[in-house]
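Sequence order for the protein chains is A and B.
In terms of our numbering, the first sequence opens at residue 2 and continues consecutively.
In terms of our numbering, the second sequence opens at residue 821 and continues consecutively.
Glycine included, C-beta positions come from ideal geometry on N, C-alpha and C.
Only a predicted model underlies this, so the values are computations on that prediction, with no experimental measurement involved.
Have a look at the structure below, then the notes.
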Amino acid sequence: MTNFIKVCIFSLLTVGAFWGYSSFGIPQIKPAPPPVEAKVDLGSMTMEKFIALGAELFDGKGDCTLCHNEMGRAPMLEKAVADAEKTLKSPAYKGTAKTVEEYLYESSVSPSVYVVPGFGKKGTNDTVSPMPDATGSSVGLTKIELAAVIAYLQDLSGSEVTVQIPTMDASAEGAESAKSKECE
Amino acid sequence: MFMLSAFMPAANASEAAATASTAVPDAAAPATKAIFPPAPKLTEADYPSIKGVNARVVVWLVAQLHLWFGAFVVAVPMFVFIIEAIGMATREQRYDKMAYEFIKVTITAYSLTALLGGLLSFCLILFYPDLFQYLALIFKESMFAYALLFFAESAVLYIYYYGWHWLQGGNKKWVHLTLGLLLNAFGLLLMFLANAWTTFMMSPAALDAAGVFNGDTWAAIHNFLWNPINLHRTVANVAYGGSIVGAYAAFKFLSAKNKEERAHYDWMGYNANFIAIGALLPLPFAGYYLTAEMYAYSQQMGITLMGGVFAWIFIIQAVLIGALFLSANYYLWCGMGRSEGAHRYNHWIKYIAVVLVVSFLVWFTPHTLVLTNSELKDLGGPYHKYLGVLGIMPAKNTAVNFLILFTYLSFMFYRRSNKFVTVSWAKVGNAAQVALFVAGSINITILGVYHGYFTNTVIKIAASIPQVLTTLVIIIVSVIIDALMYKGAKDVAPLRWGRMPPRSQYALFLLAVSFTWLMGLMGYVRSGIRQHWHVYNMFRDGSPDAFTPGLDYVANIVSIGTIIFMAMVIFVFWLSTVSGKHVVSKGYWKEQQA
Chain A
2 MTNFIKVCIF SLLTVGAFWG YSSFGIPQIK PAPPPVEAKV DLGSMTMEKF
52 IALGAELFDG KGDCTLCHNE MGRAPMLEKA VADAEKTLKS PAYKGTAKTV
102 EEYLYESSVS PSVYVVPGFG KKGTNDTVSP MPDATGSSVG LTKIELAAVI
152 AYLQDLSGSE VTVQIPTMDA SAEGAESAKS KECE
Chain B
821 MFMLSAFMPA ANASEAAATA STAVPDAAAP ATKAIFPPAP KLTEADYPSI
871 KGVNARVVVW LVAQLHLWFG AFVVAVPMFV FIIEAIGMAT REQRYDKMAY
921 EFIKVTITAY SLTALLGGLL SFCLILFYPD LFQYLALIFK ESMFAYALLF
971 FAESAVLYIY YYGWHWLQGG NKKWVHLTLG LLLNAFGLLL MFLANAWTTF
1021 MMSPAALDAA GVFNGDTWAA IHNFLWNPIN LHRTVANVAY GGSIVGAYAA
1071 FKFLSAKNKE ERAHYDWMGY NANFIAIGAL LPLPFAGYYL TAEMYAYSQQ
1121 MGITLMGGVF AWIFIIQAVL IGALFLSANY YLWCGMGRSE GAHRYNHWIK
1171 YIAVVLVVSF LVWFTPHTLV LTNSELKDLG GPYHKYLGVL GIMPAKNTAV
1221 NFLILFTYLS FMFYRRSNKF VTVSWAKVGN AAQVALFVAG SINITILGVY
1271 HGYFTNTVIK IAASIPQVLT TLVIIIVSVI IDALMYKGAK DVAPLRWGRM
1321 PPRSQYALFL LAVSFTWLMG LMGYVRSGIR QHWHVYNMFR DGSPDAFTPG
1371 LDYVANIVSI GTIIFMAMVI FVFWLSTVSG KHVVSKGYWK EQQA
């Protein structure tokens, strides 16, 4: 019986040590709550607010900074506009975008159209991007949200923001098209 | 694998389905196959609730308890089969007796596994009916096969156990061994099927953008993370099973009434520790493979796992694995006391201990710290000036390779401690082994330092494969040299089984408890990495519990689960003890007239 009690106490102390270390010895990070669909009030939207929304999405729901950071997993985006201009002139670029805005959109929804050298999936010789479609289910940006992110990137690069704030009609159209896609 | 092959259509169709089996939307799915519903879009109201019951916690605990017992009952028959075969080959009955004792413990655990599996199904149907229905439609064939296999496994297990003393000698023993093989085949198949359901939720296959399943059963089973999880769980289960029967042997050793009993359970504990450590050594490699595949499947998932909110869990994991290695080594060092010739190696132990502790410290050194502004200012940045460099993955890879190598060295010294080498080339053999260890250690260090500090982030982990290969080469070549060198070696004296201090047995308990807690924690990570998705990126969790919990919350649940599990395990140990007791109650029964 003594051994039984000793073993129980020892086991409880071991569990307690692991519990204590995990609860008090490790910084407690409160994970972000599940993302919710932000309601965008397009009626009162200004370009300043639209860029601010893009910045929020870039750091939050878009998960962009998970890879686009100084760790080197994906290209940095502070000079996204200048880099895009270079890419559009490059003979290696085979996409359909004609403007920086179009290119940024294309890179977000079809990242493998053009993969920045050195950032492709391992073993694909930079033909396949590891980035998911920003409007796909894993990230789930809406068209309006993606437009806001592109506006933010243009602003971040110190360039003229060419993205137009979507109108209420366009927003409804986007929602309708998403709804019909769900029903297909 | 014959049951699984039944689900496989013609090779080409299967391959085509497997090719389409990614989370990438497949809008071009044939209309004829669209008999499955899309992934439901649920709200909180869609989840039944019982007042005062937290559905997620209940499912979490029941699933984890089922997994702990399941891991144990899948693993034990594997080494029981091997031990029985060794007994047949050597004709030493002690192996047969030990194998029987191991399987005896499994019988009760098997019933508990089944009960917990049933309870888990009820909980899922009750609290997550839409999710259960969605998965059951996709996996209906494999779920039916699972039920059939479960009956088959139960039948074989009972014949195997109850027929142990009947199927002895000659061909009967071969029949018994074959039953053991069948038992393992059924057990593993059951685990692989259940793994498919789990991994489908992590890396769904053959789904279109709306979550409509458009493949066949094999496409759903053979999803991206199925094989990595199968490998990882198989190896981990063996290590875990070894640690639990080690705890059983330790408990019996401490309660032993005489020398013979103590010697028997000491020997049993040694074998259990050997099994646990033997499987623990390749486990980090299986873990790396699984993680690499997660990255390959979804970089987002990989980065969230290793660099996001889950990153700190790997520091806790390092502490737990460090505890496993230290306790296993400590047990081996204590075990050298059984031998009269151990004094020749004892002075090396302190150096091994230093390497193990330093490697352990490197392994759990964090890279980035969560700091307040003033702490950040005092530290001069997010990384510590000196210790920050030890936090990166190549440093940890280097440390874990040294942990493995020096654990092997402990074992090698233990094996040698009771032997006199007799071959003429012993000095050359020893020199070759020393050269192998030194060259290998230098190679592991250079690889770690070069890739860790002289390459960019993307290829920092490129050192892991050559480092692992170096470790494996050292161990395999060293085992071959040792086997040849000690062939026909003389014993210094008979091993004194039972000559172990009681504190050594607590190392076995530490091993079992640490393993249990570790499995609970990593089980949470595997499941939690889906974050707010039931089926990753396809079927969103709309319940109130869709949030990712903080570490303290996770630690609470894992600790409660571990305590419940250990209590149930002690109950299993107690049952196997009382089942062997025969009390003669004088005067209770009527005297039988002749």
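List, in order along the chain, the chain B residues whose C-beta lies closer than 9 Å to that of residue i?
| i | result |
| --- | --- |
| Thr128 (chain A) | Per Cβ cutoff of 9 Å: no residues; Thr128 (chain A) is ~15 Å from chain B at best. |
| Pro118 (chain A) | Here the premise fails: no neighbours, minimum Cβ distance about 13 Å. |
Using only the alpha-carbon positions, how far apart do residue i and residue j sit?
| i | j | result |
| --- | --- | --- |
| Ala848 (chain B) | Asp1036 (chain B) | Because Ala848 (chain B) sits at a pLDDT of 47, beneath the cut-off of 50, its placement in the model cannot be relied upon, and the point is left open. |
| Lys924 (chain B) | Val882 (chain B) | 24 Å |
| Glu921 (chain B) | Phe5 (chain A) | 20 Å |
| Phe1367 (chain B) | Leu1304 (chain B) | 57 Å |
| Gly1343 (chain B) | Phe19 (chain A) | 16 Å |
| Lys87 (chain A) | Asn1034 (chain B) | 42 Å |
| Phe964 (chain B) | Tyr954 (chain B) | 15 Å |
| Asp1365 (chain B) | Tyr153 (chain A) | 33 Å |
| Val1299 (chain B) | Ile1097 (chain B) | 15 Å |
| Met46 (chain A) | Gly1268 (chain B) | 52 Å |
| Gly1272 (chain B) | Leu969 (chain B) | 48 Å |
| Pro1369 (chain B) | Ser24 (chain A) | 12 Å |
| Glu1160 (chain B) | Asp1311 (chain B) | 10 Å |
| Ser931 (chain B) | Ala972 (chain B) | 14 Å |
| Asn1015 (chain B) | Ile1041 (chain B) | 8 Å |
| Ile1064 (chain B) | Phe1335 (chain B) | 9 Å |
| Leu1256 (chain B) | Leu1027 (chain B) | 51 Å |
| Thr3 (chain A) | Gln1253 (chain B) | 46 Å |
| His1352 (chain B) | Tyr22 (chain A) | 27 Å |
| Ile1390 (chain B) | Ser869 (chain B) | 33 Å |
| Glu49 (chain A) | Gly55 (chain A) | 10 Å |
| Thr1111 (chain B) | Ala1219 (chain B) | 18 Å |
| Gly1107 (chain B) | Met1114 (chain B) | 11 Å |
| Ser1244 (chain B) | Ser1324 (chain B) | 36 Å |
I'd like the list of long-range same chain contacts for residue i, defined as Cβ closer than 7 Å, with 5 residues on each side in sequence excluded.
| i | result |
| --- | --- |
| Lys1079 (chain B) | Gly1318 |
| Gly1400 (chain B) | none |
| Leu936 (chain B) | Val882, Leu885, His886 and Phe889 |
| Thr998 (chain B) | none |
| Ala148 (chain A) | Val164 and Pro167 |
| Val37 (chain A) | none |
Among residues of its own chain, excluding the 5 on either side of residue i, which ones have a beta-carbon nearer than 6 Å to its beta-carbon?
| i | result |
| --- | --- |
| Lys1216 (chain B) | Trp1183 |
| Val1458 (chain B) | This structure cannot speak to residue 1458 (chain B), because chain B is shown only from 821 to 1414. |
| Ala851 (chain B) | With a pLDDT of 48 at Ala851 (chain B), under the threshold of 50, the modelled position of this residue cannot be trusted; read the value that follows with caution. Cβ neighbours of Ala851 (chain B) beyond the five flanking positions: none. |
| Tyr1109 (chain B) | Pro1048 |
Spatial neighbours of residue i within its chain, please: CB distance less than 8 Å, with the 5 preceding and 5 following residues excluded, ordered by chain position.
| i | result |
| --- | --- |
| Leu1395 (chain B) | Thr928 |
So which residues of chain B does residue i contact, with C-beta pairs closer than 8 Å?
| i | result |
| --- | --- |
| Lys40 (chain A) | The contacting residues do not exist; Lys40 (chain A) stays about 17 Å from chain B at best. |
| Cys65 (chain A) | Those do not exist, as Cys65 (chain A) stays about 11 Å from chain B at its closest Cβ, beyond 8 Å. |
Taking residue i as the query, report the chain A residues whose CB atoms sit under 8 Å from its CB, ordered along the chain.
| i | result |
| --- | --- |
| Ala1375 (chain B) | Phe19, Trp20, Ser23 and Ser24 |
| His1271 (chain B) | Residues of chain A passing the Cβ test: none, with the nearest at roughly 14 Å. |
| Gly1000 (chain B) | Going along chain A, no residue has its Cβ under 8 Å from Gly1000 (chain B), so there is no contact; the nearest lies around 31 Å. |
| Leu955 (chain B) | Per Cβ cutoff of 8 Å: no residues; Leu955 (chain B) is ~18 Å from chain A at best. |
Taking C-beta pairs closer than 7 Å, name the residues in chain A that residue i reaches, listed in chain order.
| i | result |
| --- | --- |
| Tyr1326 (chain B) | Phe11 |
| Thr1382 (chain B) | Val16 |
Residues of chain B with CB under 7 Å from residue i, in chain order?
| i | result |
| --- | --- |
| Lys31 (chain A) | Gly1370 |
| Ser113 (chain A) | Result: empty, since nearest Cβ-Cβ is about 11 Å, beyond 7 Å. |
| Pro131 (chain A) | Gln1119 |
For the ligand ADP, I want to know if residue i counts as a neighbour, meaning its beta carbon is within less than 6 Å of at least one of the ligand's heavy atoms.
| i | result |
| --- | --- |
| Pro131 (chain A) | The ligand ADP is not among the ligands present in this structure, which contains no ligands whatsoever. |
List, in chain order, every chain A residue whose beta-carbon is nearer than 9 Å to that of residue i.
| i | result |
| --- | --- |
| Met1386 (chain B) | Cys9, Ser12, Leu13 and Val16 |
| Ile945 (chain B) | Neighbours of Ile945 (chain B) on chain A: none; closest Cβ ~24 Å, over 9 Å. |
### Message
With a threshold of 8 Å, are at least 3 pairs of Cβ atoms found where one atom belongs to the region 937-954 of chain B and the other to the region 901-910 of chain B?
### Response
no
### Message
Just to confirm the assignment: which complete alpha helix (DSSP H) runs, minimum length 4, are found wholly within the region 1273-1336 of chain B?
### Response
1284-1305
### Task
Please determine if the region 1048-1058 of chain B and the region 885-901 of chain B are in contact, where contact requires at least 3 C-beta pairs separated by less than 8 Å.
Result yes; three or more Cβ-Cβ pairs closer than 8 Å.
### Stretch pair the region 1327-1334 of chain B + the region 1084-1100 of chain B: three plus CB contacts closer than 8 Å
yes
### Query
Are three or more beta carbon pairs between the region 1220-1233 of chain B and the region 1139-1150 of chain B nearer than 8 Å?
Enough Cβ pairs lie closer than 8 Å, so yes.
### Task
Check whether the region 936-944 of chain B touches the region 1116-1136 of chain B, taking contact to mean three or more Cβ pairs, one atom from each stretch, closer than 8 Å.
no
### Task
Scan the region 12-76 of chain A and note each continuous alpha helix (DSSP H) run of 4 residues or more that stays entirely inside, going in chain order.
48-60
### Task
Enumerate, from N- to C-terminal direction, the unbroken alpha helix (DSSP H) stretches of 4 or more residues contained entirely within the region 99-164 of chain A.
101-110 and 144-157
### Task
Within the region 1100-1153 of chain B, note down every full alpha helix (DSSP H) run reaching 4 residues or more, in order along the chain.
For the region 1100-1153 of chain B, the full-length alpha helix (DSSP H) segments reaching 4 residues or more read 1103-1117 and 1119-1127 along the chain.
### Segment contact flag, the region 1118-1127 of chain B with the region 68-88 of chain A, C-beta cutoff 8 Å, min 3 pairs
yes
### Message
Is it the case that the region 1048-1055 of chain B contacts the region 1375-1387 of chain B, given that we only count it when at least three CB pairs across the two stretches are under 8 Å?
### Response
no
### alpha helix (DSSP H) segments (min. 4 residues) lying fully within the region 893-943 of chain B
Segments of the alpha helix (DSSP H) lying fully in the region 893-943 of chain B: there are none.
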